[in-house]
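In the working numbering, the protein residues as written are 4 to 303. These notes are about the structure you will find just below.
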């Protein structure tokens with residue numbers, strides 16, 4: 004309990020500041036419900052950091068966790084606390100967080116890449132004197148401050164990349180499926196029998212094998228097509244009419260012919276062929292008047 008209290012207070016108060024006496028009792032009750040789970044403590048503390056320092060407001064959060072959870076399994080406690088954190092988000096941050104469900108488990112996601120995707124999807128716009136990218140940086144930092152994504156040290160720099168904790172990823176994947184935000188292909192544990200329009204596709208595969216898009220999927224409204232697996236089964240671009248984001252990055256089997264019809268994707272804003280076998284861009288890429296980001300690092 005003492006370690007729980009130290010972690011909780013470190014997130015909420017400065018080193019010179021003590022917990023106000025009016026909040027000591029409710030703090031201990033909240034920590035009792037977290038049952039020593041570090042991620043739960045950080046998540047609830049991050050939620051309270053965005054709430055006024057009022058005993059009444061903190062009691063509301065405590066009651067929202069649910070009295071019955073004190074007798075339940077740890078995972079159920081976590082899901083309840085993450086639900087509180089999720090529903091406390093403003094709409095723009097909910098959308099940006101859900102978008103992270105596209106990436107496979109244990110992915111290290113570059114901040115610049117993620118923000119460019121948010122912009123291409125239309126989640127972020129210029130605000131006054133601030134560019135869309137500067138607004139995206141603010142959103143990125145807000146998600147870190149709320150402990151919903153974790154900064155990662157990469158190439159000697161801290162905070163230029165991030166990852167999503169496995170429990171949080173499981174939570175946002177379930178939300179994405181529930182809201183038909185992302186359709187997952189090639190993940191046996193995720194059965195997404197989508198009815199109607201598909202908005203975003205994340206092609207993954209667990210272990211050895213390959214993935215193909217089910218014939219039942221309606222692709223005419225897909226806005227984002229992401230292939231996180233080595234495969235030659237890239238669906239014909241002719242079936243996609245409204246794509247804004249295409250990510251073939253790290254698919255070492257991707258070759259020039261896979262990009263043959265990319266020039267027809269007139270709405271395309273983001274294209275990644277990072278670490279692929281592509282050696283030449285089609286001349287038709289010049290037709291992509293909306294293209295803002297072309298990532299062709301480390302390929303042939």
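Glycine included, each C-beta is placed from N, C-alpha and C at the ideal position.
Decide if residue i is buried, meaning its Cβ has at least 16 other Cβ atoms within 10 Å, or exposed.
i: residue 301; result: exposed
i: residue 23; result: exposed
i: residue 114; result: buried
i: residue 142; result: buried
i: residue 293; result: exposed
i: residue 48; result: buried
i: residue 134; result: exposed
i: residue 79; result: exposed
i: residue 189; result: buried
i: residue 250; result: buried
i: residue 17; result: exposed
i: residue 4; result: exposed
i: residue 30; result: buried
i: residue 65; result: buried
i: residue 74; result: Residue placement at residue 74 cannot be trusted, given a pLDDT of 48 that sits under 50; the coordinates are not used to answer.
i: residue 167; result: buried
i: residue 90; result: exposed
i: residue 54; result: exposed
i: residue 269; result: exposed
Just grab the DSSP bridge partners of residue i for me.
i: residue 229; result: 205, 250
i: residue 133; result: 130
i: residue 160; result: 157
i: residue 200; result: 221
With DSSP run on the structure shown, which of helix, strand or coil describes residue i?
i: residue 240; result: helix
i: residue 94; result: helix
i: residue 56; result: coil
i: residue 11; result: helix
i: residue 187; result: strand
i: residue 235; result: coil
i: residue 266; result: helix
i: residue 297; result: strand
i: residue 166; result: strand
i: residue 113; result: strand
i: residue 65; result: helix
i: residue 277; result: coil
i: residue 4; result: coil
i: residue 292; result: coil
i: residue 217; result: coil
i: residue 41; result: helix
i: residue 75; result: Here residue 75 scores only 49 on pLDDT, less than 50, and its place in the model should not be relied on; the value that follows carries that caveat. Residue state, collapsed to three classes: coil.
i: residue 302; result: coil
i: residue 261; result: helix
i: residue 22; result: coil
i: residue 82; result: helix
Can the beta-carbon of residue i be found closer than 9 Å to that of residue j?
i: residue 52; j: residue 14; result: yes
i: residue 298; j: residue 274; result: yes
i: residue 122; j: residue 139; result: yes
i: residue 203; j: residue 228; result: yes
i: residue 105; j: residue 46; result: no
i: residue 165; j: residue 92; result: no
i: residue 223; j: residue 245; result: yes
i: residue 304; j: residue 295; result: Past the boundaries of the shown model lies residue 304; the chain is included only from 4 to 303, so the question cannot be answered.
i: residue 101; j: residue 146; result: no
i: residue 109; j: residue 38; result: no
i: residue 271; j: residue 284; result: no
i: residue 236; j: residue 215; result: yes
i: residue 176; j: residue 206; result: no
i: residue 240; j: residue 201; result: no
Using CA atoms only, rank isn't needed, just tell me which of the options is closest to residue i.
i: residue 281; options: 294, 258, 292; result: 258
i: residue 254; options: 272, 271, 262, 230; result: 230
i: residue 153; options: 135, 172, 137, 159; result: 172
i: residue 161; options: 144, 151, 85, 296; result: 144
i: residue 225; options: 236, 57, 248; result: 248
i: residue 286; options: 270, 303, 260; result: 260
i: residue 150; options: 277, 156, 88; result: 88
i: residue 289; options: 181, 180, 263, 38; result: 263
i: residue 208; options: 187, 37, 11, 96; result: 187
i: residue 184; options: 303, 265, 99; result: 99
i: residue 67; options: 96, 174, 38, 33; result: 33
i: residue 256; options: 277, 276, 234, 6; result: 234
i: residue 126; options: 148, 132, 103; result: 103
i: residue 252; options: 178, 86, 107, 129; result: 107
i: residue 59; options: 277, 181, 28; result: 28
i: residue 43; options: 21, 269, 10; result: 10
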